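Some notes on the structure that comes next.
In the working numbering, the protein residues as written are 1036 to 1147.
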């Protein structure tokens, strides 16, 4: 099973905190990791993604922990509101995937 989150900012902005990065749930569904995608061409990038992000387990992942990781980067990099990612794409082969919530990251963090 593959579950990855590709981080995308507003077009035209280049922020090193997000550029070319992916969050992987890898082998530990409760510990998402931020990776810089490696490879010089599409084939090598795909191979990197399959090595890094592929999971054989069908157990679920906690997307809130991935959002917490995004917020951690925002805080550690001292990013301004306009530098925060605007879209998150989830790639999965899990047919029962549903969005975890319609709550914004900010609202979720405020409730903690």
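Where a beta carbon is used, it is the ideal one built from N, C-alpha and C, also for glycine.
All values derive from a computational prediction rather than experimental measurement.
- In the structure shown, the three-state DSSP call for residue 1060 is coil.
- Residue 1100 carries a helical assignment under DSSP once its states are collapsed to helix, strand and coil.
- CA-CA distance, residue 1111 to residue 1056, rounds to 16 Å.
- Secondary structure of residue 1121 (DSSP, three-state): coil.
- The closest CA to that of residue 1123, considering only 1115, 1104, 1114 and 1113, is found on 1104.
- Its chain contains 1083 as the residues whose beta carbon lies nearer than 6 Å to that of residue 1073, once the 5 sequence neighbours on both sides are disregarded; these appear in chain order.
- Ranked by Cα distance from residue 1125, the options 1114, 1102 and 1071 are led by 1102.
- Boundaries around residue 1077 are those of the alpha helix (DSSP H), 1077-1088, since no beta strand (DSSP E) includes it.
- A Cβ-Cβ distance of about 14 Å is found for the pair residue 1079 and residue 1070, leaving them out of contact under the 8 Å criterion.
- Of the candidates 1107, 1067, 1081 and 1087, 1067 places its Cα closest to the Cα of residue 1098.
- When secondary structure is reduced to three states using DSSP, residue 1071 falls in the strand class.
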